[in-house]
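Inspection log for the structure reproduced underneath, given as structure tokens.
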Ligand SMILES: Nc1ncnc2c1ncn2[C@@H]1O[C@H](COP(=O)(O)OP(=O)(O)OP(=O)(O)O)[C@@H](O)[C@H]1O
Ligand SMILES: [Mg+2]
């Protein structure tokens, strides 16, 4: 296939796992209305791995919170096959951007509690909790308290807790930001495995364009203030995923497309910025 | 040397040095009669160990604990409700603001007029004083619950009961404990004042006050040491409670 090797993904036969329709969100701050999201519409087919990139403060977390029912849109709707999303449920699991493990329990108790709330028996919950912690590479740390773990380890434990819900949609807000390169790659591959095994629909927010292109069947770039969709890309990358794919021409093309889109926004927002400075950033990012 | 040994030996060594210098100073210069060396204080304290002092300690402890318990039993639930229910907060706010800064001891004469020179008046005094720090800490604790915790609770489908018992309560525990510890200290301070100003027939306040009237310095020093020991004992009791689940109290409570 020749460059640009991407197609719009809206032409799919899969049922829709999550539909975002004309969603806006306006916050009140110091007596003024601040619009964080312009009308955003997204239809996410079941089983898709969608990644969302965009500059800091562009509304990625706001959009994710609304998708999960943790926040109410000012206008617009979010629907699943089960009906409109009016609040959080076990069916849409969220891994939050900030650490949310309960510091009063050990890591395994944190995960087990989520299972217990879903009706799992005590012993089975603990057993399953240990399996999940093993899965995210925290075997041996089951009885540690969250504040005895590093930021990245806490984030992985939070992922284990959310995975325990076995949600049909998994929302992740920059979950691997605090991880070193190797652990991050392992976690990425694990996530892809989980998705393949369980058929989970995943919406994954990240700052890292490389990560977004590697993980995403589809990449949405948000532009800021107010957040709106600037790019919706479904590159046709060789599957199954391994990090080898990053050397293919298709990957580099997709990466360049997303990067160009974000760079354009950045220079549009800061008229004083020279092209040269933007290019240097480009090299910094790909180094 | 292990960490736990060091933790005890260092402050102990500091104590020995300070008391040693103090004792030495008493040898070198002649202190006036009202200024005791550590040795003299210890001697006065040992000499005071009799049933009479014992009953004074008991009376004071009971008053302090009664006032403290009443304050805690009222402050914790009221603060929780005020923090969660806006209208309740609005109603309470002006009263809290007015009474918080008021030196509560100034109410004692009024309480005595109402309730006489009785333990009701004295214990009410203690409870009113200890109420405020506990209320303020608990209120801030409930307000300050990480909203992420509550989001997680609703994500995992926690019931109201699970949410309250497993998330809200442990989340406020460190702040509640901080308020309670200050409440204990305030209770003891006010107990002394309530015993002296409130003309208590017994208790350490009476003992110290009698020592003052009779210029009996031994008795005064012994009473002060007893007061300190009660405070230490009550605080240790609280800290013992926090030992049991380390994760619960986080770093809010120094061990
Ligand atoms: N509770 C709130 N009250 C007021 N403004 C808010 C609130 N939450 C978010 N905003 C505003 O909405 C905008 C988008 O915020 P959001 O957290 O969604 O950004 P983000 O894309 O996730 O950024 P980052 O990559 O840094 O996490 C920001 O301008 C922010 O100031
Ligand atoms: Mg964010």
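Protein chains in written order, with the working numbering: chain A, 1193 to 1479; chain B, 3 to 257.
Just so you know, even glycine gets a beta-carbon here, dropped at the ideal spot from N, CA and C.
Given the structure is predicted, the values throughout are model-derived calculations rather than measurements.
Mind checking which residues open and close the alpha helix (DSSP H) that includes residue 25 of chain B?
5–30
Three or more beta-carbon pairs under 8 Å between the region 159–166 of chain B and the region 117–131 of chain B, yes or no?
no
Report the rounded CA-to-CA distance for residue 1232 of chain A versus residue 1420 of chain A, giving the unit in angstroms.
6 Å
Chain C partners of residue 1286 of chain A, CB-CB under 7 Å?
Here chain C cannot be found, since the structure's protein chains are A and B.
Starting from residue 54 of chain B, trace the beta strand (DSSP E) in both directions and tell me its first and last residue.
Taken as a continuous stretch (DSSP letters only), residue 54 of chain B belongs to no beta strand (DSSP E), being part of the alpha helix (DSSP H) at 53–86.
From which residue to which residue does the alpha helix (DSSP H) around residue 149 of chain B run?
From DSSP, the alpha helix (DSSP H) with residue 149 of chain B extends over 149–157.
How many Å lie between residue 1326 of chain A and residue 1392 of chain A at the Cα?
20 Å
Given residue 1386 of chain A as reference, the closest of A/1370, A/1397 and A/1354 once Cα atoms are compared
In this structure, A/1354 is the residue among A/1370, A/1397 and A/1354 with its C-alpha nearest to the C-alpha of residue 1386 of chain A.
For residue 1397 of chain A versus residue 1256 of chain A, is the C-beta distance shorter than 8 Å?
Judged by beta-carbon spacing, residue 1256 of chain A lies within the 8 Å limit of residue 1397 of chain A, meaning their Cβ atoms are closer than that value.
Would you say residue 1217 of chain A and residue 1271 of chain A are within 8 Å of each other, going by their C-beta atoms?
no
Going along chain A in order, which residues have a C-beta closer than 7 Å to the C-beta of residue 144 of chain B?
Residues of chain A passing the Cβ test: none, with the nearest at roughly 16 Å.
Contact shell at 7 Å, judged by CB to any heavy atom of ligand 2, ordered along the chain:
A/1252, A/1253, A/1289, A/1365, A/1366 and A/1397
Quick check: is the beta carbon of residue 1349 of chain A nearer than 8 Å to any beta carbon in chain B?
no
Helix, strand or coil, according to DSSP, for residue 1233 of chain A in the structure here?
In the three-state reduction of the DSSP assignment, residue 1233 of chain A falls in the strand class.
Quick check on DSSP: helix, strand or coil for residue 1198 of chain A?
Residue confidence is low: residue 1198 of chain A scores 46 on pLDDT, short of 50, so the model does not pin down where it sits. Its coordinate-derived value is still stated next. Residue state, collapsed to three classes: strand.
Inter-residue CB distance, residue 1284 of chain A and residue 1363 of chain A (contact presumed, cutoff 8 Å)
6 Å
Residue-chain proximity (residue 178 of chain B, chain A), Cβ-Cβ < 8 Å:
Taking 8 Å as the threshold, the shortest C-beta distance from residue 178 of chain B to chain A does not fall below it.
Check whether the region 134–145 of chain B touches the region 97–113 of chain B, taking contact to mean three or more Cβ pairs, one atom from each stretch, closer than 8 Å.
yes
Helix, strand or coil at residue 1206 of chain A according to DSSP, with G and I counted as helix:
coil
Just to make sure I have the definition right: I need the residues of chain A whose C-beta is within less than 9 Å of the C-beta of residue 164 of chain B. Which are they?
1305, 1308 and 1309
Is the region 213–230 of chain B touching the region 53–65 of chain B in the sense that three or more CB pairs, one from each, lie closer than 8 Å?
yes
I want to verify the contact list: residues of chain B whose CB lies under 8 Å from the CB of residue 1292 of chain A, in sequence order.
148, 150, 151, 153 and 154
Distance cut-off 7 Å: residue 1228 of chain A Cβ against heavy atoms of ligand 1:
Residue 1228 of chain A Cβ: within cutoff of ligand 1.
Counting only C-beta atoms, is residue 89 of chain B closer than 8 Å to chain A at any point?
Chain A contact via Cβ: absent.
My parser needs the alpha helix (DSSP H) runs of 4 or more residues fully inside the region 1320–1392 of chain A; what are they?
1343–1355 and 1373–1390
So, do the region 183–192 of chain B and the region 228–240 of chain B have three or more beta carbon pairs nearer to each other than 8 Å?
yes
Using a Cβ-Cβ distance cut-off of 8 Å, determine whether residue 172 of chain B contacts chain A.
yes
Of all the CB atoms in chain B, is at least one closer than 8 Å to the CB of residue 1280 of chain A?
yes
Sort A/1300, A/1234, A/1237 and A/1443 by Cα distance to residue 1349 of chain A and report the nearest one.
A/1300
Just to confirm my understanding: we take residue 40 of chain B, look at its own chain, exclude 5 residues before and 5 after, and list those with CB closer than 7 Å. What are they?
21, 24 and 25
Note the first and the last residue of the continuous beta strand (DSSP E) segment covering residue 188 of chain B.
Unbroken run through residue 188 of chain B is the alpha helix (DSSP H), 171–199; no beta strand (DSSP E).
Top-ranked residue by Cα proximity to residue 1342 of chain A, from A/1361, A/1358, A/1288 and A/1372
A/1372
Helix, strand or coil for residue 1225 of chain A per DSSP?
strand
Which same chain residues end up closer than 6 Å to residue 13 of chain B when comparing Cβ atoms and leaving out the 5 residues on each side of it in sequence?
none
At a Cβ threshold of 8 Å, is residue 1296 of chain A touching chain B?
yes
Let's see if you can read the secondary structure: which residues bound the alpha helix (DSSP H) around residue 1427 of chain A?
Looking at the DSSP string, residue 1427 of chain A is not in any alpha helix (DSSP H); the run it does join, the beta strand (DSSP E), is 1420–1427.
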